[in-house]
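So the structure is just underneath, and the comments pick up after that.
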Ligand SMILES: *Cc1c(COP(=O)(O)O)cnc(C)c1O
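In the UniProt record's numbering, the protein residues as written are 1 to 400.
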């Protein structure tokens, strides 16, 4: 009989979105007259289609595969040079120097933030924020790694800071954050980099929402902080930047400076280990997708993406203005597609979910789904349509 990875018994069922769908279905069945008025602001997926230049590039790449001179077979597991160079150029335009050789192209920040755990032994202490993007917790639970939490609360604006009394080997940070929409500034990120350098820890930095940053002073990469290349891996994705949630393209930066001493005294490079891991277990992102993704990182390509992001920003503004008017405490809404607010009337988040659905036919995401500290908070997203978001905010305004 095979011995199973029994750590899977400790992974919680992904209950959140299934439970939301169940409650919405019950409501639709019991209120058929209201069913078509439901507005969904809970989604964490983009809704605008791919941009014009991405579509053009996809067509070009597809056609190139019909000709033997330009046909592509197996590609380099780390990604094509042209795509890694396009990403490095994009970093450079934001004032950050990243060596194309440090960039690994992949099919998702979810896959990479999950798979990276393989490089670390199971007796590490992993520090994650609460509330948190559940992937960090579930993947480390599957490994059987010890997870400790740091509190995101109203007092720290949901931006937990390092505590010298806590010793962590691996630290997950996500900024701008999902679910809270909060973003670390340079001083705060520097405190994290200093902590990691002092404690010989590694930071796993998820910057999936960097393209939503408008505030020029906010760091769009952890490498905006001196010393970060000695302690941090960065994960980013075109999912939210360019609407690639179905198309699939992400990138992970593992600097060659990231070296640690093994128990036998050898020096191990995380870059080399990740390269070995990917070459063995990953076949690379499709050439066609890399070709189109490279177009996203050009100035014209990114300008088109920013137009789409601007559409979402307008929704975020509408939501933020409504909350401000109602004196409801919130984070996000700027520099992020998410708005995270305190449930009115001291309600708990599932109670508020039902209340909002019953009384305004708005569907959002209960904070409890992201951790203990989310139990009195609620997440709305700006990925809906303007008209729907505006209508939802009108109802919200009338309700409170
Ligand atoms: C959406 C999202 C990503 C992107 O994941 P992909 O696997 O690249 O689609 C990464 N991190 C967070 C926190 C996200 O919300």
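For each residue, glycine too, the CB sits at the ideal point set by N, CA and C. Every value quoted in this text rests on a predicted model; they were computed, and no experiment measured them.
Okay, do the region 260–267 and the region 124–135 touch, 3+ Cβ pairs below 8 Å being the bar?
-> no
What are the boundary residues of the beta strand (DSSP E) that residue 239 is part of?
-> Taking the chain shown and counting its residues from 1, one reaches residue 239 at position 239. Premise fails: residue 239 lies in the alpha helix (DSSP H), 238–241, not in any beta strand (DSSP E).
Should residue 192 go down as buried or exposed, given a rule of 16 or more other Cβ atoms within 10 Å for buried?
-> Numbered from its first residue, the chain shown carries residue 192 at position 192. Its Cβ being crowded by 16 or more others within 10 Å, residue 192 is buried.
For residue 172, the nearest candidate out of 149, 327, 323 and 163 (CA to CA) | As a working mapping, residue 172 is identified with position 172 in the chain shown. Selected option, being the one with the closest Cα: 149.
Do you know whose CA, among 361, 228 and 277, lies nearest residue 402's CA?
-> No answer is possible for residue 402: the residues shown for the chain start at 1 and end at 400.
Apart from the five residues on each side of it in sequence, which residues of its chain come closer than 6 Å, Cβ to Cβ, to residue 399?
-> In the chain shown, counting from the first residue as 1, residue 399 sits at position 399. Excluding sequence neighbours, residue 399 sits near 359 and 360.
Skipping 5 residues on each side, what residues in its chain have a beta carbon closer than 8 Å to that of residue 384?
-> For the purposes of this step, residue 384 is taken as residue 384 along the chain shown, with counting starting at 1. 39, 40, 41, 43, 47, 315 and 392, listed in sequence order.
Paired residues, beta bridge with residue 204 - DSSP = Residue mapping note: residue 204 aligns to position 204 of the chain shown, counting from 1. Per DSSP, 172 and 233.
Can we say the region 335–352 touches the region 304–321, given the rule of at least three CB pairs closer than 8 Å?
-> Contact holds: three or more Cβ-Cβ distances are below 8 Å.
Pick from 195, 302, 280 and 354 that is closest to residue 25, judged by C-alpha positions = By 1-based counting over the chain shown, the position of residue 25 is 25. If we check each option's Cα against that of residue 25, 354 comes out closest.
8 Å contact criterion, which residue 249 and residue 238 should meet: CB distance rounded = In the chain shown, counting from the first residue as 1, residue 249 sits at position 249. In the chain shown, counting from the first residue as 1, residue 238 sits at position 238. Contact flag correct, Cβ pair sits at about 5 Å.
Burial state of residue 112, where buried means 16 or more other Cβ atoms lie within 10 Å | Stepping through the chain shown from its first residue, residue 112 is reached at position 112. So residue 112 ends up on the buried side.
Report the rounded CA-to-CA distance for residue 88 versus residue 99, giving the unit in angstroms.
-> Start at 1 with the first residue of the chain shown, and residue 88 comes out as number 88. Start at 1 with the first residue of the chain shown, and residue 99 comes out as number 99. Whole-angstrom Cα-Cα distance: 6 Å.
Would you say residue 322 touches ligand 1, meaning its beta carbon is less than 7 Å from a heavy atom?
-> Counting from 1 along the chain shown, the entry for residue 322 is found at position 322. No, the beta carbon of residue 322 sits no closer than 7 Å to any heavy atom of ligand 1.
Specify, as a first and last residue, the run of the alpha helix (DSSP H) that residue 114 falls within.
-> Mapped onto the chain shown, residue 114 falls at position 114. Taken as a continuous stretch (DSSP letters only), the alpha helix (DSSP H) holding residue 114 covers 109–115.
Exposed or buried, which one is residue 107 when buried takes at least 16 other CB atoms within 10 Å?
-> Start at 1 with the first residue of the chain shown, and residue 107 comes out as number 107. Residue 107 should be labelled buried.
Where DSSP assigns a beta bridge to residue 72, which residues make up the other side?
-> As a first step, residue 72 is located in the chain shown; it is residue number 72 there, counting from the start. Answer by DSSP bridge pairing: none, since residue 72 is not bridged.
What's the C-alpha gap between residue 221 and residue 206?
-> For the purposes of this step, residue 221 is taken as the residue at position 221 of the chain shown. For the purposes of this step, residue 206 is taken as the residue at position 206 of the chain shown. Distance between the alpha carbons of residue 221 and residue 206: 9 Å.
Check each candidate in 185, 55 and 350 and name the one with the smallest Cα separation from residue 224.
-> By 1-based counting over the chain shown, the position of residue 224 is 224. Ranking the options by Cα distance to residue 224, first place goes to 185.
Beta-carbon gap between residue 65 and residue 289 smaller than 8 Å | Against the chain shown, residue 65 aligns to sequence position 65. Against the chain shown, residue 289 aligns to sequence position 289. It is not a contact, given that the beta carbons lie outside the stated cut-off.
Compute the minimum distance between the beta carbon of residue 407 and the heavy atoms of ligand 1, and state whether it is under 7 Å.
-> Only positions 1 to 400 of the chain appear in the structure, and residue 407 is not among them; the question remains open.
Relative to the alpha-carbon of residue 114, which residue among 292, 216, 255 and 233 has its alpha-carbon at the smallest distance?
-> Here residue 114 is taken as the residue at index 114 of the chain shown, counted from 1. Per the Cα distances, 233.
Does the Cβ of residue 247 lie closer than 7 Å to at least one heavy atom of ligand 1?
-> As a first step, residue 247 must be located in the chain shown, where it is residue number 247. The beta carbon of residue 247 sits no closer than 7 Å to any heavy atom of ligand 1.
Neighbourhood of residue 382 by C-beta distance below 6 Å, restricted to the same chain and skipping five residues each side | As a first step, residue 382 is located in the chain shown; it is residue number 382 there, counting from the start. Cβ within range, chain order: 312, 315, 316 and 337.
Once you ignore the five residues that flank residue 53 on each side, which residues in its own chain have a CB closer than 7 Å to its CB?
-> Position 53 of the chain shown holds residue 53. Answer for residue 53: 295, 300, 301 and 304, listed in chain order.
Start-to-end residues for the beta strand (DSSP E) that takes in residue 42 = If you number the chain shown from 1, residue 42 lands on position 42. Where residue 42 is concerned, there is no enclosing beta strand (DSSP E), given that its DSSP letter is neither H nor E.
With C-beta atoms as the reference, is residue 109 less than 8 Å away from residue 235?
-> In the chain shown, the residue the question calls residue 109 occupies position 109. In the chain shown, the residue the question calls residue 235 occupies position 235. Yes.
Applying the criterion that 16 or more other CB atoms from any shown protein chain within 10 Å of the CB defines a buried residue, is residue 291 buried or exposed?
-> For the purposes of this step, residue 291 is taken as residue 291 along the chain shown, with counting starting at 1. With 16 or more Cβ atoms within 10 Å of its Cβ, residue 291 is classed as buried.
At what residue ranges does the region 258–308 contain a whole run of the alpha helix (DSSP H), taking only runs of 4 or more?
-> Within the region 258–308, the complete alpha helix (DSSP H) runs of at least 4 residues are 270–281 and 287–296.
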